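Student: This structure is in structure tokens; I'll ask about it shortly.
Number of protein chains: 2
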Amino acid sequence: MKLATLRTAGGSTTAALATGAGSYLTLPATDVGALLDQPEWRTVVKEAAASKEQKVIAADEADLAPLLPRAGKVICCGLNYGDHIQEMGRELPEYPTLFAKYADTLAGANDAVEVHGSGRVDWEAELAVVVGSELFHADEDQAREAIAGYTVANDVSMRDWQSRTLQWFQGKAWDGTTPVGPVMLTADEAGQAFEVRGYVNGELVQQGNTSTLVFGPAQLLSYISQFTILRPGDLVLTGTPGGVGMGMTPPRFLQDGDVLTTEIEGIGRLENQFRIHAPVPANA
Amino acid sequence: MKLATLRTAGGSTTAALATGAGSYLTLPATDVGALLDQPEWRTVVKEAAASKEQKVIAADEADLAPLLPRAGKVICCGLNYGDHIQEMGRELPEYPTLFAKYADTLAGANDAVEVHGSGRVDWEAELAVVVGSELFHADEDQAREAIAGYTVANDVSMRDWQSRTLQWFQGKAWDGTTPVGPVMLTADEAGQAFEVRGYVNGELVQQGNTSTLVFGPAQLLSYISQFTILRPGDLVLTGTPGGVGMGMTPPRFLQDGDVLTTEIEGIGRLENQFRIHAPVPANA
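Going down the list, the protein sequences come from chains A and B. The first sequence maps to residues 1 to 284 in the working numbering. The second sequence maps to residues 1001 to 1284 in the working numbering.
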């Protein structure tokens, strides 16, 4: 099944089930994270689908919120596709390169992304893994069992800020700049690998297959759980394939008005227009 | 005034006011973060102190929880003292080096710290700043106004994991390893600078004065707020002075049973015994 988080009237959100007919059926949880917090969430979805008491929302009326608007942890892996690693001039890693961001960084699948104060806004199309149950000191099998599903994300990066210091956080954690969604495909319906693609104004710029990941989803979750607990609704981004703007000659970055499309076959597509502004004047 | 978060029966916590007599007066909030979430928190404290309806807890019966057990953001600055920067072999920075961790990383002021799977556990005594009101795109004056107070933290670091990749996160975000507290000294009672000291088994190993910070508290908060919102109860660690174990010749790390003491004059003292274990066998 495919699950989404939709914005509703009055600034709140609801979890929803994507139906085969292209519409959404609302579910009794404020978002996908809150749904996954219920151990019997599969039963909750089935009962809601059967009860016909939930509201149906047409696809063209659905306002997609960030899939996990209150994710406790959003942990990202860098340098995880062989081709992207080579494009950045680095060697294949022995350990995953990890960094953290917060739920504030997330954006909805079709949200306009507003950037104030970066002139080097770059794209990173990624498969993201949604945690379905608690994991701590877990081995890979336990981690695999704990995967609730998969979604699409773009780890949009402000390269000017990212390269100011050794640590990437300040180029990666801009509020409302990491689109995630449109849905989570549950793990039971997912295949072994995903084709990840990124487009700028319709032009294909990134393409990769998650079968070439150095560290796969279960491996990443197990590794992270050696030092910090993962909980339902936490999100792990698995890294980006080759084709980012800073790797091009000359480097290419998003311009005001550009549309970034991020898609994974079998899951869905993010389509985000970027508004690139000067820094807020008071702080220039 | 000095505020703390205390553990209470049944696994919950309460905010508390440290009294001049060395005891604590419980406050009507689950922790210092929840207290700061109330815009009129100063009035809440004053009324609680006057009402005599709150419970008094003797200092030797107080079980100190992490000061901000549910902090939404814990953002750390590295390389911020001139002497520590030189000890690490680096040049004075133009921008603050920032990285993130999560509230799970925090520990109470006197908690035993359990480490499974690192053999290079190092100390970083730090002044931490507690955010008191929302900040986004704030200038330094706005940031200064938004500081609720100051506390003591130790950004304990697993150097073996930290040095595995370019990003420090995996060496910094181990659950229950960053002691913070014992109290927050409110900004109105704080001086211009703090003397920060770290001890291992009573031996002074770190000493620095926050007057020598490259980026001061208000500057850090303003800088961070250019890309992500800060909210009441968020925590910003300001970096550590010289004297960390990895900078010694030969390098020195915490051993099983060692006691790490972190103190800031005028605020208080953390005293944490370390239990250093082998990795959990299932994941070795």
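Here a beta-carbon is modelled for each residue, glycine too, at the ideal position from N, C-alpha and C. Just so it is clear, the structure is predicted and the values come from calculations on it, not from any experiment.
Based on Cα-Cα distance, which residue from B:A1100, B:G1233, B:L1237 and B:S1051 lies nearest to W1168 of chain B?
Tutor: Among B:A1100, B:G1233, B:L1237 and B:S1051, the Cα nearest to that of W1168 of chain B belongs to B:A1100.
Student: Would you call E91 of chain A buried or exposed, if buried means 16 or more other Cβ atoms sit within 10 Å of its Cβ?
Tutor: The residue in question, E91 of chain A, is exposed, as its Cβ has fewer than 16 Cβ neighbours within 10 Å.
Student: DSSP beta-bridge partners for S51 of chain A?
Tutor: Per DSSP, none; premise fails for S51 of chain A.
Student: Does the CB of D1175 of chain B have a neighbour CB from chain A at under 9 Å?
Tutor: By this cut-off, D1175 of chain B is an interface position.
Student: Taking 9 Å as the CB-CB cut-off, is R7 of chain A touching chain B?
Tutor: For R7 of chain A, the answer is no, since every Cβ of chain B falls outside 9 Å of its Cβ.
Student: Using a cut-off of 7 Å between C-beta atoms, extract the partners of R120 of chain A located in chain B.
Tutor: What R120 of chain A touches in chain B: nothing, since even the nearest Cβ is about 13 Å away.
Student: Determine the chain B residues that contact I276 of chain A at a beta-carbon separation under 8 Å, and present them in chain order.
Tutor: Near I276 of chain A there are no residues of chain B at all, since even the closest Cβ is about 14 Å away, more than 8 Å.
Student: For N1201 of chain B, which residues from the same chain have a beta carbon less than 8 Å from its beta carbon, with the 5 sequence-adjacent residues on both sides left out?
Tutor: Closer than 8 Å at the Cβ level, and outside the excluded window around N1201 of chain B, lie D1258 and V1259.
Student: Y1102 of chain B bridges to which residues according to DSSP?
Tutor: According to DSSP, which records beta bridges pairwise, Y1102 of chain B is partnered with nothing at all.
Student: So K1002 of chain B contacts chain A; which residues on that side make the cut at Cβ distance below 9 Å?
Tutor: Residues of chain A passing the Cβ test: none, with the nearest at roughly 28 Å.
Student: Whole-angstrom Cβ separation of T151 of chain A and V183 of chain A, contact assumed at under 8 Å?
Tutor: At roughly 7 Å, the Cβ-Cβ gap stays under 8 Å, so T151 of chain A and V183 of chain A are in contact.
Student: Please classify N272 of chain A: is it buried, with 16 or more other beta-carbons within 10 angstroms of its beta-carbon, or exposed?
Tutor: Buried, by the Cβ-count rule.
Student: Any idea what DSSP makes of V1044 of chain B, helix, strand or coil?
Tutor: In this structure, V1044 of chain B counts as helix in the three-state DSSP scheme.
Student: How do the segment 1021-1031 of chain B and the segment 1055-1074 of chain B stand: do at least 3 beta-carbon pairs fall below 8 Å, yes or no?
Tutor: The segment 1021-1031 of chain B is in contact with the segment 1055-1074 of chain B.
Student: CB-CB under 6 Å to G108 of chain A, same chain, minus the five flanking residues each way: which ones, in chain order?
Tutor: Excluding positions up to five away in sequence, the list reads L64, A65 and P66.
Student: Of all the options A:G33, A:V121 and A:V44, which has the alpha carbon lying nearest to the alpha carbon of L254 of chain A?
Tutor: Among A:G33, A:V121 and A:V44, the Cα nearest to that of L254 of chain A is on A:V121.
Student: List, from N- to C-terminal side, the beta strand (DSSP E) runs of 3 residues or more that fit wholly inside the segment 136-189 of chain A.
Tutor: The qualifying runs are 147-154 and 178-186.
Student: Comparing the CB of I1276 of chain B with every heavy atom of the ligand MG, is any distance shorter than 8 Å?
Tutor: Looking for the ligand MG in the displayed structure turns up nothing, as the structure carries no ligands at all.
Student: Which runs of the alpha helix (DSSP H) at least 4 residues long sit entirely within the segment 217-280 of chain A? Give them in chain order.
Tutor: 217-225, all fully within the segment 217-280 of chain A.
Student: So, does the CB of K1101 of chain B fall closer than 9 Å to a CB anywhere in chain A?
Tutor: Interface residue, yes.
Student: Counting Cβ pairs closer than 8 Å, one from the segment 126-137 of chain A and one from the segment 146-166 of chain A, do we hit at least three?
Tutor: Because the criterion of three Cβ pairs below 8 Å is met, the segment 126-137 of chain A and the segment 146-166 of chain A touch.
Student: Flag this pair as yes or no: are the beta carbons of T1262 of chain B and P1179 of chain B separated by less than 9 Å?
Tutor: Result yes, Cβ atoms of T1262 of chain B and P1179 of chain B sit closer than 9 Å.
Student: Within 10 Å of its beta-carbon, does A1204 of chain B have 16 or more other beta-carbons around it, so buried, or fewer, so exposed?
Tutor: Reading off the sequence, residue 1204 of chain B comes out as Leu, not Ala. Looking at its Cβ environment, which holds fewer than 16 other Cβ atoms inside 10 Å, L1204 of chain B is exposed.
Student: Does T1097 of chain B come out as helix, strand or coil in the three-state DSSP assignment?
Tutor: Looking at T1097 of chain B - three-state DSSP - the assignment turns out to be strand.
Student: Leaving out the 5 sequence neighbours to the left and right, which residues in its chain are closer than 7 Å to Y199 of chain A when beta-carbon positions are compared?
Tutor: Correct list, in chain order: V205 and T261.
Student: In whole angstroms, what is the alpha-carbon distance linking Q1170 of chain B and T1249 of chain B?
Tutor: Between Q1170 of chain B and T1249 of chain B, the C-alpha separation is close to 25 Å.
Student: Using a Cβ-Cβ cut-off of less than 8 Å, list which residues of the segment 1085-1111 of chain B approach chain A; keep chain order.
Tutor: From the segment 1085-1111 of chain B, only P1093, E1094, Y1095, P1096, T1097, L1098, F1099, A1100, K1101, Y1102, D1104 and T1105 have a Cβ closer than 8 Å to chain A.
Student: Exposed or buried, what is R1275 of chain B when buried is set at 16 or more other beta-carbons lying within 10 Å of its beta-carbon?
Tutor: Looking at its Cβ environment, which holds fewer than 16 other Cβ atoms inside 10 Å, R1275 of chain B is exposed.
Student: Suppose the cutoff is 6 Å on Cβ atoms and the five residues either side in sequence are ignored; what does the same chain contact list for L1106 of chain B look like?
Tutor: Result list for L1106 of chain B: P1066, T1178 and V1180, in chain order.
Student: What does I1075 of chain B pair with, by DSSP beta-bridge criteria?
Tutor: Paired residues: B:A1100 and B:V1236.
Student: Looking at R164 of chain A: is its Cβ nearer than 9 Å to the Cβ of Y1081 of chain B?
Tutor: Not closer than 9 Å, so no.
Student: With a Cβ-Cβ cutoff of 9 Å, do Y1223 of chain B and T228 of chain A count as a contact?
Tutor: Their beta carbons are not under 9 Å apart, which means Y1223 of chain B does not touch T228 of chain A by this criterion.
Student: Using the beta-carbon count (16 or more within 10 Å), is H84 of chain A buried or exposed?
Tutor: Counting Cβ neighbours within 10 Å, H84 of chain A comes out buried, since at least 16 surround it.
Student: Select from A:E87, A:V115 and A:W174 the residue whose C-alpha is nearest the C-alpha of D256 of chain A.
Tutor: Ranking A:E87, A:V115 and A:W174 by Cα distance to D256 of chain A puts A:V115 first.
Student: A138 of chain A and Q221 of chain A - do their beta-carbons sit closer together than 9 Å?
Tutor: First, the residue type needs correcting, since residue 221 of chain A is Leu and not Gln in the sequence shown. In contact: L221 of chain A and A138 of chain A (Cβ atoms closer than 9 Å).
Student: Determine the direct distance from the alpha carbon of A1016 of chain B to that of A9 of chain A, and round the result to whole angstroms.
Tutor: For A9 of chain A and A1016 of chain B, the distance between alpha carbons rounds to 39 Å.
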